[in-house]
Amino acid sequence: TDFISTKYEIISVQASISIAEVCSIRRKLLSKYASMPIGGCHLYQTLIDRMAIMTTGCHHLDDLLDGGLYTGEVIEFIGKSGSGKSQICMHIAGFNASTTTNGTIYIDTCGSLQSTRINEIIEKRASSLDYDAVLSRILCVKIHDIFGLISMLQALREKLDFEVTNFTVTGGNAALGRTWSSVPDVRISIHAVESVKSNRENERIATLVKSSRQPTQLSTNFYIGDEGLLSATDGSTPNRSYTA
């Protein structure tokens, strides 16, 4: 460090070598051991080239996420048991598999994945699809502890477009605690609306808790129906109870 930061003239006098030799030695050291500087314009262009925004299939949820699911991010849905977190994740998995050719990895930590439910979402939205082909694009991986989960996410993060997670909260805190709290880029809290306070069944409120793009505490309403997630402007009406 001293050799790099000290003036050429001082090193030349102390080491009894010419300034040209000092410059040559310094260049060789920097080229071998120093990290190469990258311009901000290059980093920005790399980000633009790699970034894409994928819709969740629910307009209100897309608006809350500032357009949809951003590639390279971990999006976490938290809420009490029965708030509809698993329904959101199954909807996103089914919607992505049925509207794109991308593969989807569903990391299941509590046995919540229901292939029949995903098949129902796909069937209601596009009856002409090959369901077996669509379902084959969804890979379910079962994880049983936080360490396995974090290892899996770290291994997949460079390969996946985005990751969606689903966790129960207790007393307002995520079940995985402080170890996990800094991992997600976006965190959304899901609350079920009591039927006596809602004009439609299965209404949910999604509140933005953590985001680098949107102001936190923004909220939106959506509904869970046979075809998955519905915005308030959608014409379909939920007709069953979805609590997972």
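Sequential numbering from 421 applies to the sequence shown in my numbering.
The C-beta atom is built at its ideal place from N, Cα and C for all residues, glycine as well.
Linking Ser455 to Ala440 through their CA atoms gives a straight-line distance of about 23 Å. For the pair Ile541 and Leu555, the CB atoms are not nearer than the 8 Å cut-off.
In the structure shown, Lys505 adopts helical secondary structure according to DSSP, grouped into three states. In this structure, DSSP gives His564 a state outside helix and strand, which the three-state scheme calls coil. Between the alpha carbons of Thr491 and Glu429 lies a gap of roughly 50 Å. For Arg447, there is no enclosing beta strand (DSSP E); the residue is found in the alpha helix (DSSP H) stretching over 439-453. Annotated as proximal: Ala612 and Gly504, with beta-carbon spacing under 8 Å.
For Ile625, the uninterrupted beta strand (DSSP E) segment begins and ends at 623-630.
Taken atom to atom, the span from the alpha-carbon of Tyr643 to that of Gly477 is near 12 Å.
Under DSSP, His611 forms a beta bridge with Ile625.
Each of Gly648, Glu647, Asp646, Arg633 was checked against the Cα of Asp483, and the nearest Cα belongs to Arg633. Just so you know, the alpha carbons of Thr466 and Ala435 end up roughly 43 Å apart. Taken atom to atom, the span from the alpha-carbon of Ile558 to that of Gly648 is near 16 Å.
Going by DSSP, Ile527 is part of no alpha helix (DSSP H) but of the beta strand (DSSP E) stretching over 524-528. Per the Cβ contact rule, the stretch 627-641 is not in contact with the stretch 515-524 (fewer than 3 Cβ pairs under 8 Å). Ile558 carries a strand assignment under DSSP once its states are collapsed to helix, strand and coil.
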